[in-house]
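Trainee:
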Amino acid sequence: RAKARARGTISVFAPEMDMQIRDRRALHQDLSGAIRNGELSLYYQPQASSSKLVAETNIVGFEALARWCHPIRGFVPPSEFIPLAEESGLIVEIGEWILREACRQAAAWPKPLQIAVNLSPAQFLNSDLVSFVHRVLIETGLQPGRLELEITEGVLIEDFERGLSLLRRLKALGVRISMDDFGSGYSSLTYLQAFPFDKIKIDRAFIMNLGRNVQSAAIVRAVIGLGHGLGVSLVAEGVETQEQLDFLVEEGCDAMQGYLIGRPAPIDAYPWLVGVTPRLGGASALARQAS
Ligand code: C2E
Ligand code: MG
Ligand code: MG
Ligand code: MG
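In terms of mature numbering (1 follows the signal peptide of the UniProt record, and there is no 0), the sequence shown opens at residue 574 and continues consecutively.
1) Taking 7 Å as the cut-off, is the C-beta of R777 nearer than that to any heavy atom in ligand 1?
2) Within the continuous alpha helix (DSSP H) that includes P619, where are the two ends?
3) Out of A637, K772 and L600, which one is the CA nearest neighbour of A838?
4) Secondary structure at L739, three-state DSSP: helix, strand or coil?
5) State the CB to CB distance for the pair G634 and L686, rounded to an integer number of angstroms; the pair is presumed to be in contact (CB under 8 Å).
6) On the DSSP bridge list, what partners appear for S751?
7) Just curious, the alpha helix (DSSP H) that Q766 is in, first and last residue?
8) Let me know if Q678 comes out buried or exposed under the rule of 16 or more other beta-carbons within 10 Å of its beta-carbon.
9) When burial is assigned at 16 or more other CB atoms within 10 Å of the CB, is V787 buried or exposed?
10) Can you look up E824 in the DSSP assignment and give me helix, strand or coil?
11) Does the count of Cβ pairs from the region 779–793 and the region 760–770 closer than 8 Å reach three?
12) With a 10 Å radius around its C-beta and 16 neighbouring C-beta atoms as the bar for buried, classify Q830 as buried or exposed.
13) Check S652 in the structure and name its three-state DSSP category.
14) Could you check if A639 is buried or exposed, using at least 16 other CB atoms within 10 Å of its CB as the buried criterion?
15) Tell me the rounded alpha-carbon separation between V822 and V812.
16) Buried or exposed for S704, going by 16 or more other Cβ atoms inside 10 Å?
17) Quick check on this structure: which residue in V649, E810, I773 and S652 has the alpha carbon closest to the alpha carbon of Y832?
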């Protein structure tokens with residue numbers, strides 16, 4: 574630790590690179606105290622069911638998204654601190670905090686909405702995952718069927734047998750499993766057939782290109798058909814425009830997530846859904862729209 578903090582050490586790297594490494598070290602140091610210092614929080618992004626899109630109560634669940642508010646740097650995006658936490662092993666502690674916090678909050682909501690939590694590869698492959706999830710469900714009293722664990726296909730490539738056994742054990746607890754960012758990695762149809770997913774989340778890249786190229790429309794249509802053929806429900810990520818939404822509803826996509834529905838926000842931006850007192854300035858686009 575003292576070493577990591579040492580300044581002015583001789584370096585064989587270019588100055589900018591040295592800066593980056595020092596920066597990472599400092600950031601890692603700070604991250605290790607983030608939970609203790611109350612700097613981590615969860616934002617929630619709503620998912621809307623297509624069949625109820627016109628109704629007021631179209632929100633069927635939320636995805637919990639981790640936020641780190643660094644005392645000096647401000648918000649550090651999860652795309653930066655989650656990989657950092659993975660490299661340093663802090664992900665176990667941070668991931669446990671995230672799952673416990675999400676389940677604890679969701680258990681207190683007056684409506685039994687779904688709560689989706691992301692699992693990073695290191696967390697997924699951790700040998701204690703299943704017993705930890707089990708413990709958190711008991712501790713928080715959350716109905717297992719309300720919890721959805723999101724994993725990316727990458728984690729399954731590492732070890733097929735182990736991945737399959739983990740998914741089966743998680744499913745045996747009664748939780749649901751979503752394949753996140755489908756199509757962004759080395760998606761294989763074998764995975765869809767072999768693994769017991771409940772949901773497929775179509776990667777934002779395809780949704781973004783819907784109005785721009787015909788290939789994306791063809792792919793999205795095919796993925797929806799494929800998912801339904803396998804008895805899996807489909808969620809579109811990153812829905813930002815009415816045109817995208819219309820296309821997806823038309824094609825039978827089951828649920829939507831994206832800025833058009835609502836931006837990730839602290840849970841008190843959704844008081845009528847989750848029964849919390851709204852705080853000033855925390856309103857999301859959806860909250861404003863409905864108030
Ligand atoms: P993800 O799980 O695919 O989450 C969706 C990301 O897309 C979120 O970014 C969300 O803010 C963003 N997003 C949602 N709708 C729209 C939209 O309409 N347009 C655009 N441009 N973006 C949209 P965020 O919160 O920065 O998270 C990025 C990634 O970091 C997540 O991707 C996930 O892989 C990871 N992450 C976030 N929270 C956690 C966590 O608690 N645990 C783990 N292991 N990973 C997390
Ligand atoms: Mg996700
Ligand atoms: Mg995703
Ligand atoms: Mg994505």
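Beta carbons: idealized from backbone N, C-alpha and C, even for Gly.
Mentor: Answer, in terms of the structure:
1) yes
2) P619: not part of any alpha helix (DSSP H); member of the beta strand (DSSP E) spanning L613 to S622, first to last residue.
3) A637
4) helix
5) 5 Å
6) E723 and K772
7) L762 to A767
8) Around the beta carbon of Q678, 16 or more other beta carbons sit within 10 angstroms, so the residue counts as buried.
9) exposed
10) coil
11) Here the region 779–793 does not lie against the region 760–770, with fewer than 3 beta-carbon pairs under 8 Å apart.
12) Counting Cβ neighbours within 10 Å, Q830 comes out buried, since at least 16 surround it.
13) helix
14) buried
15) 11 Å
16) Exposed, because fewer than 16 other Cβ atoms sit within 10 Å of the Cβ of S704.
17) Nearest C-alpha to Y832: E810.
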